[in-house]
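Engineer: Input: one structure, supplied below.
Residue numbers (our numbering): 6 to 151.
Here's what the structure looks like:
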């Protein structure tokens, strides 16, 4: 979460969202725990009266995609994460793992060192911890040394 890495999902939703609904999802939609950050949302295909959406978010709230779509009036029927940060999952079956390629390892290292392009969503870059704002609040006092 601290890197704000984009998470890309394909969601089969009930019905076909209209332009106004897509705009609400893109601009941020009100949920019970606050308004979501803007998301990239595109319709990939429409079949049998239902739509498959590609949704890119930069936050990681619990069941976020399902709650966003339900709040927009289009409950999720099926959901699959297709990318996270610079890693594209491809045809990886659910519950399976694979070794990272040298290029993927390099991209992950760049995320930790500074700014790296966001290939999943095409929206700018992924900020490193050094580039992000410090959280506001009272810091814990340092432990006294004896």
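In this text, a Cβ means the ideal position worked out from N, Cα and C, and glycines have one as well.
Go to residue 34, then tell me how far its alpha helix (DSSP H) extends in each direction, as first and last residue.
Structural biologist: Unbroken run through residue 34: none, as it is neither H nor E.
Engineer: For residue 94, collect the residues of the same chain with a Cβ closer than 7 Å to its Cβ; drop the 5 residues on either side in sequence, then sort them by chain order.
Structural biologist: Only 86, 87 and 88 meet the Cβ criterion.
Engineer: Helix, strand or coil: how does DSSP classify residue 26 here?
Structural biologist: DSSP places residue 26 in helix when its eight states are reduced to three.
Engineer: List the whole-angstrom C-beta distance separating residue 2 from residue 18, where the pair is believed to meet the contact cut-off of C-beta under 8 Å.
Structural biologist: The structure shown has nothing for residue 2, since the chain only spans 6 to 151.
Engineer: Is it a yes or a no for the segment 24-36 touching the segment 100-115, going by three-plus beta-carbon pairs under 8 Å?
Structural biologist: Short answer: they don't touch.
Engineer: When the Cα of residue 20 is compared with those of 62, 34, 10 and 74, which residue comes out closest?
Structural biologist: Selected option, being the one with the closest Cα: 74.
Engineer: Are residue 30 and residue 40 touching if we call contact CB-CB under 8 Å?
Structural biologist: No, the Cβ-Cβ distance between residue 30 and residue 40 is not below 8 Å.
Engineer: According to DSSP, is residue 93 helix, strand or coil?
Structural biologist: It is a strand residue.
Engineer: Would you mind working out which of 34, 63, 51 and 55 sits nearest residue 91, comparing C-alpha positions?
Structural biologist: The residue with the shortest Cα to Cα distance from residue 91 is 63.
Engineer: Using the DSSP secondary-structure output, state which residues sit across from residue 60 in a beta bridge.
Structural biologist: DSSP lists 14 and 46 as partners of residue 60.
Engineer: By how many angstroms is the C-alpha of residue 54 removed from the C-alpha of residue 111?
Structural biologist: For residue 111 and residue 54, the distance between alpha carbons rounds to 42 Å.
Engineer: Report all residues from its chain with a CB closer than 6 Å to the CB of residue 139; omit the five preceding and five following residues, and keep chain order.
Structural biologist: Its pLDDT being 48, under 50, residue 139 is placed unreliably by the model, and the measurement read from it follows with that caveat. If we look at residue 139 and ignore the five residues flanking it on each side, it has no Cβ neighbours.
Engineer: Quick check: is the beta carbon of residue 88 nearer than 8 Å to any beta carbon in chain D?
Structural biologist: Looking for chain D here will not work: only one protein chain is present.
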